[in-house]
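Asker:
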Ligand code: UDP
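Residue numbers (the working numbering): 4 to 312.
1. Hey, quick one: how far does the alpha helix (DSSP H) through residue 70 stretch, first residue to last?
2. With C-beta atoms as the reference, is residue 190 less than 8 Å away from residue 181?
3. Would you kindly check if the distance between the Cβ of residue 193 and the Cβ of residue 301 is under 8 Å?
4. One question on the structure: do residue 117 and residue 80 come within less than 8 Å of each other, judged by their Cβ atoms?
5. How about residue 177 and residue 307: do their beta carbons lie closer than 8 Å?
6. Indicate whether residue 12 and residue 36 have their beta-carbon atoms separated by less than 8 Å.
7. According to DSSP, what are the bridge partners of residue 265?
8. Applying the criterion that 16 or more other CB atoms from any shown protein chain within 10 Å of the CB defines a buried residue, is residue 158 buried or exposed?
9. Would you be able to state if there are at least three C-beta pairs under 8 Å between the segment 91 to 99 and the segment 52 to 61?
10. Go ahead and label residue 153 buried or exposed: buried means 16 or more other beta carbons lie within 10 angstroms of its beta carbon, across all protein chains shown.
11. Can you give me the C-alpha to C-alpha distance between residue 179 and residue 120, rounded to a whole angstrom?
12. Classify residue 233 as helix, strand or coil using the three-state DSSP reduction.
13. Can you tell me whether DSSP reads residue 216 as helix, strand or coil?
14. Mapping the DSSP letters down to three states, classify residue 147 as helix, strand or coil.
15. Helix, strand or coil: which one does DSSP assign to residue 165?
16. Residue 296 and residue 197: beta carbons closer than 8 Å?
17. How far does the beta strand (DSSP E) with residue 36 in it extend, from its first residue to its last?
18. Identify, in the order they occur along the chain, each residue of the same chain with its Cβ nearer than 7 Å to the Cβ of residue 184, setting aside the five sequence neighbours on each side.
19. Count the other CB atoms, across all protein chains shown, that sit within 10 Å of the CB of residue 4; report buried if there are 16 or more and exposed otherwise.
20. To the nearest angstrom, how far is it from the Cα of residue 168 to the Cα of residue 264?
21. Excluding the 5 residues flanking residue 45 on each side, which residues of the same chain have their C-beta closer than 7 Å to its C-beta?
22. Just reading off the alpha helix (DSSP H) that residue 103 is part of, what are its end residues?
23. Is it the case that the CB of residue 203 approaches a heavy atom of the ligand UDP more closely than 7 Å?
24. May I ask you to list the residues that DSSP assigns as paired with residue 211?
25. Assign residue 240 to one of three DSSP states: helix, strand, or coil.
26. To which residues of the same chain is residue 72 closer than 8 Å at the C-beta, ignoring the five residues directly before and after it?
27. With a threshold of 16 other CB atoms inside 10 Å of the CB of residue 87, please say whether the residue is buried or exposed.
28. Run the CB neighbour count on residue 161, radius 10 Å, all protein chains shown included, and call it buried at 16 or more, exposed below.
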């Protein structure tokens with residue numbers, strides 16, 4: 004029998020890779036997306052596309068798998084839309100958990116390394132509870148993700164639903180938007196470097212992130228979604244390789260052979276100072292680890308951006 008997968012946010016950066024993989028594996032795929040952060044349609048014609056806010060979506064179809072990816076992950080964007088940001092990761096999570104419960108589906112929740120907030124344990128393991136300001140400017144995103152994780156666990160404990168939670172850490176690659184408030188740091192720096200413009204480092208550039216290439220992310224996510232016996236597991240999907248944002252800017256200039264200069268802008272409010280993933284759990288549960296170096300991933304993304312522009 005053909006397996007059926009629902010992907011919310013399936014037109015987005017991460018969701019679109021999951022959709023493509025599932026179609027290649029012979030799944031039937033339904034995508035729900037309101038296109039609120041999209042600049043183009045990525046849904047392949049073999050998938051069914053429903054344009055709708057996830058918190059308003061209803062459906063009697065039976066699914067084998069439900070993956071909830073609808074979110075506004077870019078800080079500058081979600082700070083402008085805190086209410087929408089919270090709704091897709093509260094009411095939207097409730098809606099999709101109900102659909103999964105009715106179908107007795109496996110439910111995959113795309114959480115975020117943001118649940119750790121300004122972490123004091125680096126690299127951060129899953130059992131670090133986080134240091135998050137519940138009323139700060141990032142709270143619409145962080146607390147939405149934290150609430151959703153708690154709701155997933157509530158559905159697991161009360162109804163026995165097979166839920167799996169991933170916490171991706173700064174995934175990047177082709178298809179990511181580089182423009183305006185949607186541009187996360189890698190596509191933004193790459194497009195600035197390719198255009199010969201100044202690279203805009205916020206603060207002193209000593210803040211860190213660890214970056215994961217999207218193909219590596221997809222491999223881990225597919226295993227987390229489909230491998231039997233992973234109910235109630237919470238897994239970091241990221242890289243332990245901690246990089247300063249200023250070093251990233253210099254590496255981008257190097258791989259693009261750009262003559263761009265670096266300019267320093269005011270720091271972003273509540274920008275976490277350090278972030279890197281402890282992936283011990285992903286290594287053992289998913290037999291996985293990242294394979295793409297940052298330099299290689301940056302080159303591939305730069306090539307895509309040059310072709311796309
Ligand atoms: N950043 C930067 N310049 C930019 C965009 C981002 O210096 O033009 C920094 C930002 O301050 C943060 C890091 O890069 O420390 C990652 O930002 P991003 O927007 O990619 O996402 P975050 O990891 O904060 O959610």
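The beta-carbon is built from N, C-alpha and C at its ideal position, and this holds for glycine as well.
Only a predicted model underlies this, so the values are computations on that prediction, with no experimental measurement involved.
Answerer: To lay it out plainly:
1. Where residue 70 is concerned, there is no enclosing alpha helix (DSSP H), although the beta strand (DSSP E) it sits in stretches over 68 to 71.
2. yes
3. yes
4. no
5. yes
6. Cβ atoms of residue 12 and residue 36: closer than 8 Å.
7. 202
8. The residue in question, residue 158, is buried, as its Cβ has 16 or more Cβ neighbours within 10 Å.
9. yes
10. Exposed.
11. 23 Å
12. Of the three classes helix, strand and coil, the one that applies to residue 233 here is coil, per DSSP.
13. strand
14. Three-state DSSP puts residue 147 in a helix.
15. Look at residue 165 here: in three-state DSSP terms it is strand.
16. Not a contact, by the Cβ cut-off of 8 Å.
17. Where residue 36 is concerned, the enclosing beta strand (DSSP E) stretches over 31 to 36.
18. 77, 79, 80 and 83
19. exposed
20. 40 Å
21. 14, 19 and 178
22. 94 to 106
23. yes
24. 247
25. strand
26. 10, 11, 12, 13, 15, 17, 18, 21 and 113
27. buried
28. The residue in question, residue 161, is exposed, as its Cβ has fewer than 16 Cβ neighbours within 10 Å.
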